[in-house]
Amino acid sequence: MKKTPQISEAELEIMKIIWKHPNINTNEVIEKVSKTSKWSPKTIQTMLLRLIKKGALNHYKEGRVFVYTPNVDKSDYLEIESRSFLERFYNGTLNSMVLNFLEKDRMSEDEINELYQILEKRMNRKKE
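Residue numbers (the numbering used here): 5 to 132.
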């Protein structure tokens, strides 16, 4: 498995847009990011360059603009970050995290029911 680059919180906002809209050009990225942040176009371009240097993005020139495609799969990134979060805060165990949320009453009854249904489906799938 290839190493996934470290992506900052700000860079992650750029990646979310590119994951949602692969093959997006610089102007389109700036337009979409500007709707949710006050970053200048120059700041957005700097983050795009950082993501290219880190290997998170590929780019190519089309006319007068660059077009960006993700070089990191979103699901792979989420899996690695989730595992890292569990390691840092819950000694790598998901049940410790869930138990913490349950004990602190951080999960609503609907969320608990949803989790129960997910677990039940998973158990039934293993029996088949």
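Ideal Cβ positions, reconstructed from N, Cα and C, are used throughout, including at glycine.
- Here the alpha carbons of L123 and R129 stand approximately 10 Å from one another.
- Excluding the 5 residues flanking it on each side, S112 has no same chain C-beta neighbour closer than 7 Å.
- With fewer than 16 other Cβ atoms from the protein chains shown falling within 10 Å of its own Cβ, L53 counts as exposed.
- Using a Cβ-Cβ distance cut-off of 8 Å, the segment 97 to 106 and the segment 39 to 53 are not in contact, since fewer than three pairs of beta carbons, one from each stretch, lie closer than that value.
- Counting only runs of 4+ residues, the alpha helix (DSSP H) found wholly inside the segment 44 to 108 occupies 45 to 58, 78 to 94 and 98 to 107, in chain order.
- Linking I22 to E66 through their CA atoms gives a straight-line distance of about 16 Å.
- The residues E15 and L61, in chain order, have a CB closer than 6 Å to that of L55 in the same chain once the five nearest residues on each side in sequence are set aside.
- The beta-carbon distance between I11 and V71, rounded to whole angstroms, is 20 Å. This is too long to meet the 8 Å contact definition.
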